[in-house]
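Report on the following structure.
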Amino acid sequence: MKEILFNAVENEKENLFELIQRLVQIKSYSGEEKEIVEFIVSKMKEYGFDEAYHDSFGNAIGKIGNGPIKILYDAHIDTVKVTETENWEHPPFAGVIENGKLYGRGAVDEKPAMAGYLIAGKILKKLYGNDFPFTLYVVGSAYEEDADGYPLYHIIKNEGIKPDFVLLGEPTDLKIYRGQRGRMELKITTTGKSAHGAHNQKGINAIYKMMPIVADIEKLDKKLKPKPTLGKGSITVSNIMSKAPSMCSVSDFCQIHIDRRMTVGEDKKSVIKELKEIIRKHKSDAKISIPSVEGKCWTGLDFSTLAYYPTWFFDERHPYVEAAMKTSKSVIGKAKCGTWSFSTNGVATAGQFGIPTIGFAPGKEELAHSSKEEIVLNDLLKATKFYSLFPFELIKK
Ligand SMILES: [Zn+2]
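Residues -12 to 384 (the working numbering) are what the sequence shown spells out, left to right.
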């Protein structure tokens, strides 16, 4: 079976490379994915997917088969913007191919996976028709760059799709990634009493109330303990603002914004507990809150979600990871595990819903969001073989 699948992928090589080139040429900034989603849905239809449509969030969704095991392949198809100060050797939306590499915005993060999924889907449908032992969803998720996790949260919560397993197409350089640190944002607010600067003793300065809290947050960062595989969490004050009736008054409002990266064993509860301890230590009445991330999808839908993205992590001996290792060995003769340094849609599928999730894709993660984005086309070919074989290895488990 392996040979049949791999030969079929080889036969689609030209289509695959043309597809990734086309995907890079279609500009698709977060919230502006209409054109690329329509292109992907049309390709799914052309390739014989049983279903192909977009949901209210603007995600492209394709379905093949009707088997009891539901696998979801996700590749977010939005990209970060190209800024004027970036220095691109090749125009970012030209899809230039040179010496076996393709260059451009999204060439790493993460359009190759979508091209691979589409061709794998086409082959599976062609070879197995309606005799699929599984259900395969192929998702081109929108708005991931600003709201990691939320597009898949939406699909699971609102669109009635409940996958048993999820594969992410974020760059892994053909390794099996099985987790990431989580992240969350927090705000701490102190309030005081304003007074004329000339009578400052009559006021309570909100900035002075915040200062010892900021100092202790800096100390807390140094105290956070490293954990195996994912390393240590971190805490950073990213912004501070205050208000006063005038520049000649005592400030009665101060607020800090915090970025918190969470490792294994750290979550919303433990993070808030640490901060509450600092506040209690200073006998302060400071308040903690979690801000929301808001956005408007290309479909017109407004969404809002808490800026909390839980840590997730699967053991190397987890059967799902093992199935991926076996597939990797079949395709490239070796299997290596790793974890992402950045955040992915896995914060929803694994972090919130506990669904076994891994990643496998070509491309180096350190090139994401940079003007150096490039993909080795032969690696995309290998990944596509992986995508076509993986469901069968999984079913054996
Ligand atoms: Zn990405």
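Backbone N, C-alpha and C fix where the C-beta goes; we use that ideal spot for every residue, glycine too. The structure presented is a predicted model; accordingly, all values stated were derived computationally and were not measured.
Any chance the region 145 to 158 sits against the region 349 to 363, with 3 or more Cβ pairs inside 8 Å? yes
Any residue with its C-beta under 5 Å from a non-hydrogen atom of ligand 1 counts. Can you list them all in chain order? Asp96, Glu97 and Glu157
Can you list, in chain order, the residues of its chain with a C-beta nearer than 6 Å to that of Glu253? Leave out the 5 residues immediately preceding and following it. Gly220
Measuring only the C-alpha atoms, how far is Asp208 from Phe240? 25 Å
Specify whether the region 350 to 366 and the region 176 to 195 touch according to this definition: at least 3 beta carbon pairs, one from each stretch, less than 8 Å apart. no
Tell me whether Asn226 sits in a helix, a strand or coil according to DSSP, three-state version. strand
Sequence-distant residues of its chain with Cβ nearer than 7 Å to Asn74 (five each side left out): Ser358
Quick one: give me the first and last residue of the beta strand (DSSP E) that Met171 is part of. Gly169 to Thr178
Could you please give me the residues that DSSP links to Trp327 through a beta bridge? Gln167
Just mark Arg92 as buried or exposed, buried being the case when its beta carbon has 16 or more other beta carbons within 10 Å. buried
So, using beta-carbon positions, are Ala125 and Thr336 closer together than 8 Å? According to the sequence as given, residue 125 is Val; it is not Ala. In this structure, Thr336 does not lie closer than 8 Å to Val125 by Cβ.
Through-space distance from Ile194 to Glu22, alpha-carbon basis: 48 Å
Look up Leu139 in the DSSP assignment and say whether it is helix, strand or coil. helix
So what does Tyr195 bridge to, in DSSP terms? Its beta-bridge partners do not exist; DSSP assigns none.
Candidates Phe4, Leu6, Ala47 and Glu1: which alpha carbon is nearest Cys284's? Ala47
Counted within 10 angstroms of its Cβ, other Cβ atoms place Ser17 as buried (16 or more) or exposed: buried
With a threshold of 8 Å, are at least 3 pairs of Cβ atoms found where one atom belongs to the region 168 to 179 and the other to the region 253 to 262? yes
Quick check on the DSSP output: what are the complete alpha helix (DSSP H) runs of length 4 or more inside the region 211 to 272, in order along the chain? 255 to 268
Strictly by DSSP, which residues pair up with Glu85? Lys88
Out of His77, Gln339, Ala322 and Asn192, point me to the one whose CA is closest to Thr143's CA. Note that residue 143 is Ile in the sequence shown here, rather than Thr. With distances taken between Cα atoms, Ile143 lies closest to Gln339.
Rounded to whole angstroms, how far is the Cβ of Trp299 from the Cβ of Gly325, which I believe are closer than 8 Å? Actually they are not in contact, since the Cβ atoms of Trp299 and Gly325 sit about 14 Å apart, beyond 8 Å.
Could you name each continuous beta strand (DSSP E) segment of 3 residues or more that falls completely within the region 327 to 383, going from the start of the chain to the end? 344 to 346 and 361 to 363
So who's on the other strand from Phe290, going by DSSP bridges? Gly282
Are the Cβ atoms of Ile200 and His269 separated by less than 8 Å? yes
Just to confirm, are Ser276 and Lys196 a CB contact at a threshold of 8 Å? no
Which residues in the same chain have their Cβ closer than 6 Å to the Cβ of Glu38, if we skip the five residues on either side of it in sequence? Lys50
Whether Leu368 touches Lys109 by CB criterion (8 Å): no
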